Amino acid sequence: MTVTSLESRHRGTAIKKAVGGPTVGAAIDAFLDTPKIKDNPNTLRAYAGVLDRVADQLGTDRALAEVADTEIDNALTELWGKIKPATWNRNRAAVGSWLAWCADKKNWATPALPATVERQRENNDDTQAVSRSRIDRLCRRRDVPLREKTLWRMRYESASRTSAVLALNIQDLGLPNKQAKITTKGGDIMWITWGTDTAHLLPRLIAGRERGPLFLSEHRPGSYRRATTDLRDICPETGRVRLGYDRARVLLAHYGDGLRLHQLRHSSATHLGEANVIMAKTGYKSLRSVQRYVKPGLAAVHQATETLSSPRRRG
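Residue numbers (the numbering used here): 278 to 592.
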């Protein structure tokens, strides 16, 4: 962008500020209510979690036009300045999408994402899988809360995305069959399955609840958070809201000595791959050659899932 266009943009911003505009909270609500966001529960939850925290930093009831670019920088740095590049980039992009929508679609006086808030380089990690024994030891520690143990076990045993597991509701669960229906990122419906370890923990986690999110936050939300949260993400019995990805990530890193949520899925896929010796058994050299054989039914998936349970619970 040239100096002339920058000056023109600042003059335009000054004119818009003179005519007012929505508050920070109202601008976020309007953005989250767009079809692209609200029609996908996982997307809505992810954006809301990021933008609610930004609103708390900026001031929910402040006029959006009063917020300076530097305040966006300060908010992002304060909230996520020390996290891993992938999470920083994801949260930065969410804030950038919101600000761009406010400016381009609504023509509101809006701060810009400063040039100082740069996208960070993400280094590829080819050693993400961890041993089964490490996961087992972590989930058996007495200082780890029941909710975290259940989430990590289910994440590992199901090999599903974290967003899909966090989106589960109690009424979605088929407890006797150790399975549940989920909606994938692309909108398709599929089954996820879990093993004996998760099945052992789930009844204790549910503790008699019949409806609402499976994984709940520790505390009830404040009035603003409750008013801006989808009713499907609020437990009708406890009033607590669905556990968010960001909080789940922080807790695993804390208890797991830097372990990341994606590593549970990566480790699950690695261990299942180690258990499937079809290439070595048949002598095929190419994965493409064996794809016609690798279309297991749900029963076979359940059987394979049990290989991820700890040895003392198998059988």
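C-beta atoms are modelled at their ideal positions from N, C-alpha and C, and glycine is treated no differently.
Only a predicted model underlies this, so the values are computations on that prediction, with no experimental measurement involved.
Bridge partners - residue i, DSSP secondary structure assignment
i    : result
A340 : T300
N446 : P490
I459 : M467
G451 : Q456
Test item: CB-CB of residue i and residue j under 8 Å
i    : j    : result
A680 : H543 : This structure leaves residue 680 out entirely; the chain is present only between 278 and 592.
Q397 : P422 : no
E355 : S586 : no
A371 : Y324 : yes
D510 : G326 : no
G298 : L341 : yes
L491 : K426 : no
K455 : A484 : no
L450 : W429 : no
L482 : R537 : no
L541 : R419 : no
D310 : R502 : no
T387 : R526 : no
N366 : E343 : no
Anticipated Cβ contact below 8 Å, residue i with residue j, distance rounded
i    : j    : result
V518 : S494 : 5 Å
I459 : I469 : 5 Å
N368 : W385 : Their Cβ separation, rounded to whole angstroms, is 22 Å, which puts N368 and W385 out of contact at 8 Å.
V301 : A332 : 5 Å
L390 : I349 : 6 Å
L549 : A380 : The Cβ separation is near 46 Å, so there is no contact.
G489 : E514 : 6 Å
T505 : D306 : 6 Å
G516 : R497 : 5 Å
Buried versus exposed call for residue i [16 or more other C-beta atoms within 10 Å across all chains shown]
i    : result
T439 : buried
T347 : exposed
D403 : Any reading at D403 must be qualified, since the residue scores a pLDDT of 47, below 50, and its modelled position is unreliable; no value is offered.
I412 : buried
L508 : exposed
S408 : exposed
A345 : exposed
D316 : exposed
V394 : buried
G464 : exposed
D338 : exposed
S545 : buried
A304 : buried
L452 : exposed
A392 : exposed
Alpha helix (DSSP H) runs wholly inside the stretch 467 to 539, at least 4 long, in chain order: As far as the stretch 467 to 539 is concerned, its whole alpha helix (DSSP H) runs of at least 4 residues are 473 to 483, 500 to 504 and 522 to 532.
Uninterrupted beta strand (DSSP E) stretches inside the stretch 368 to 396 (no shorter than 3 residues): Fully enclosed beta strand (DSSP E) runs of 3 or longer: not present.
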